[in-house]
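Residue numbers (our numbering), protein chains in the order written: chain A, 1 to 528; chain B, 1001 to 1122.
Here a beta-carbon is modelled for each residue, glycine too, at the ideal position from N, C-alpha and C.
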């Protein structure tokens, strides 16, 4: 298999190839290995630190195996999720999360014990969790390729996904290609290089790879997730802000409605001038516990010399896109199959609409989803992989956007630097005025400009040495177009999707939207 | 963003090169690693967590440290105990207890409730 004249290092074959290195990827790799598969895991960064969980952490959606308690939780989140969730998926996710947390305990995750002597297992601290997962991945016999971003999928003559190829970004000599019976995409969501905590590796690469084979997305309109961060940084740890009060520059308190819409109004206020926060509502008796709960919220403030309990600090909104939003690759079955044979999706790369609906999955539902969807995807990929896979000579590399042509076409005469494309896409999706508070007119403007980026600039992405960045730029462009196509279609406000021109929720629109296509983007209500 | 690799403490193990999720560092044969792509740093502090000798300082700012701030003043930061700060919190390193043993996240709402009544924004 050759693509563009670059020699490929033979990385051997695998039954299952997992792309990504966060929780979903590691759970998938372990599940596939336990099902008897030879597994390779290729991560853009370092499996153990990359992705939103390692630097953040999860407060899991975690309910004991008590039928009434689970039913109550499912009902509550069905309502909160705008009636777009799926009961069977919610039940499955709760069941698998319970089992996998017990597995973490067995592996030695150091869970805390509360004052009553009970072990509390619903919170996972990122560095500890993902260091343990890496260890278990290795113990399961999985081969790990770190710092090895995948660029594109390989498919056989029938279009069945049969591996992937990519680059070793810390070596200049060659790329890699792995032939595999099935591929699991666990490449995370897309936060558009906003700097949101731990999210910069998450540029929607898996979505682009999947779409190039015709995969569909779901829930992409629920992509306006923003985190609050200190203005000097981008540490989007949100939980402690439940103890915050907010102030104008002159020190007067923001006038906020009570209840859930308060946070939305804080966000809106940032459009009109600087907003400051202080954790006024945090009882002094629990401040020490707060620090131990989320040291990575306090660390940057400590370093900056800000005491958030006594000092006002300016805040800003940082886009978390489909990392904390819910949109992603649509699933076609209970084993996390996509609509493309041989291709599975898990974690934030997959849609989380099934378990969170229109509401942000935050760390909780998304964390539970990563464990359960990863496990299911790994198992079913291992089963599918029990098939003969053609040799490298029979496989096609199917990537297109941001890559040189199959016949090693000459580079375009006027190449566009990936960073220029990225800036153009960011200008449409990062500003809260555009993405968080949406209107039909604003969305149409953005769609027109994003379409131009796709048709005029993405085909000229260069230079060749920057292929990883070029692919990221193409992936973010495609992602933004899907988001806004779905956002235009949904003429109401529901959960994370706010239309200032249609502020109400329309009961007739309580159905999921599929979106897909690259050159021609389409939207359709989900059947059934 | 990452600002300092302390030449006084770095042991050239290249762990930071290995673990950085955004590939900010380059290894240098026979020398200390270098901050090769500072603009790609996402201020996630993972390199601080993994550096076995606390030789790294990641400033809290999401852009390069403005001139005149203490974030590039190695001596002052060292005197203030600012190296290895994240590693201390998460309890990594010999003789330390994992910080997760003191994680109160799961109980936070219960702990706060008696003091707040219905005051939480949720």
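| query | result |
| --- | --- |
| Is it true that the CB of residue 125 of chain A sits closer than 8 Å to the CB of residue 1006 of chain B? | no |
| Look at the Cβ atom of residue 1047 of chain B, then the Cβ atom of residue 1020 of chain B, and state whether they are nearer than 8 Å. | yes |
| DSSP puts residue 105 of chain A in a beta bridge; with which residues? | Answer is none; residue 105 of chain A lacks a bridge partner. |
| With a Cβ-Cβ cutoff of 8 Å, do residue 481 of chain A and residue 521 of chain A count as a contact? | yes |
| Is the beta carbon of residue 324 of chain A less than 8 Å from the beta carbon of residue 204 of chain A? | no |
| Taking Cβ to Cβ, would you say residue 543 of chain A is nearer than 8 Å to residue 1059 of chain B? | Any question about residue 543 of chain A goes unanswered here, given that chain A covers just 1 to 528. |
| State yes or no: is the beta carbon of residue 982 of chain B nearer than 8 Å to at least one beta carbon in chain A? | Any question about residue 982 of chain B goes unanswered here, given that chain B covers just 1001 to 1122. |
| May I ask you to list the residues that DSSP assigns as paired with residue 513 of chain A? | A:525 |
| By DSSP, does residue 1003 of chain B sit in helix, in strand, or in coil? | strand |
| Along chain B, in chain order, which residues have C-beta atoms closer than 7 Å to that of residue 114 of chain A? | 1107 |
| According to DSSP, which residues form a beta bridge with residue 276 of chain A? | A:247 and A:314 |
| With a threshold of 8 Å between beta carbons, is residue 338 of chain A in contact with chain B? | no |
| According to the neighbour-count rule (16 or more other Cβ atoms, all chains shown, within 10 Å of its Cβ), is residue 284 of chain A buried or exposed? | exposed |
| Identify the residues that DSSP records as bridge partners of residue 190 of chain A: which are they? | A:203 |
| So, under 8 Å CB-CB, residue 395 of chain A and residue 162 of chain A are touching, yes? Tell me the CB distance rounded to an integer number of Å. | 5 Å |
| According to DSSP, simplified to helix, strand and coil, what is residue 1032 of chain B? | coil |
| Cα separation between residue 414 of chain A and residue 385 of chain A? | 43 Å |
| Please tell me whether residue 479 of chain A and residue 487 of chain A are closer than 8 Å, where the distance is taken between their beta carbons. | no |
| Sorted by chain position, which residues of the same chain lie with C-beta nearer than 6 Å to residue 381 of chain A's C-beta, five sequence neighbours on each side aside? | 16, 32, 182, 184 and 344 |
| Return no unless some Cβ of chain A is closer than 8 Å to the Cβ of residue 1084 of chain B. | no |
| Am I right that residue 500 of chain A and residue 439 of chain A are in contact with their C-beta atoms under 8 Å? What's the rounded C-beta distance? | 5 Å |
| With a threshold of 8 Å between beta carbons, is residue 492 of chain A in contact with chain B? | no |
| If we count the other Cβ atoms within 10 Å of its Cβ and call it buried at 16 or more, is residue 279 of chain A buried or exposed? | buried |
| Taking the straight line between their C-alpha atoms, what separation do you get for residue 525 of chain A and residue 93 of chain A? | 24 Å |
| Measuring straight from C-alpha to C-alpha, what distance separates residue 1075 of chain B and residue 1085 of chain B? | 15 Å |
| Would you mind telling me which residues of chain A sit closer than 8 Å to residue 1099 of chain B, beta carbon to beta carbon, in chain order? | 125, 128, 292 and 295 |
| Residue 422 of chain A touches chain B at which residues, Cβ-Cβ below 9 Å? | Here the premise fails: no neighbours, minimum Cβ distance about 12 Å. |
| Apply the 10 Å Cβ neighbour rule to residue 1034 of chain B and answer buried if 16 or more other Cβ atoms are within range, or exposed otherwise. | exposed |
| Step through the CB atoms of chain A and report whether any lies within less than 8 Å of the CB of residue 1090 of chain B. | yes |
| Taking only the alpha-carbon atoms, compute the straight-line gap between residue 91 of chain A and residue 1057 of chain B and give it to the nearest angstrom. | 44 Å |
| Once the 5 residues before and after residue 512 of chain A are set aside, which same chain residues still bring their CB inside 7 Å of it? | 84, 218, 219, 353 and 526 |
| With C-beta atoms as the reference, is residue 20 of chain A less than 8 Å away from residue 188 of chain A? | yes |
| Shorter than 8 Å from the beta carbon of residue 1044 of chain B to some beta carbon of chain A? | yes |
| Counting only beta-carbon atoms, is residue 237 of chain A nearer than 8 Å to chain B? | no |
| If the cut is a Cβ gap below 9 Å, which residues of chain A does residue 1037 of chain B touch? | Going along chain A, no residue has its Cβ under 9 Å from residue 1037 of chain B, so there is no contact; the nearest lies around 11 Å. |
| Using a beta-carbon distance below 8 Å, is residue 59 of chain A in contact with chain B? | yes |
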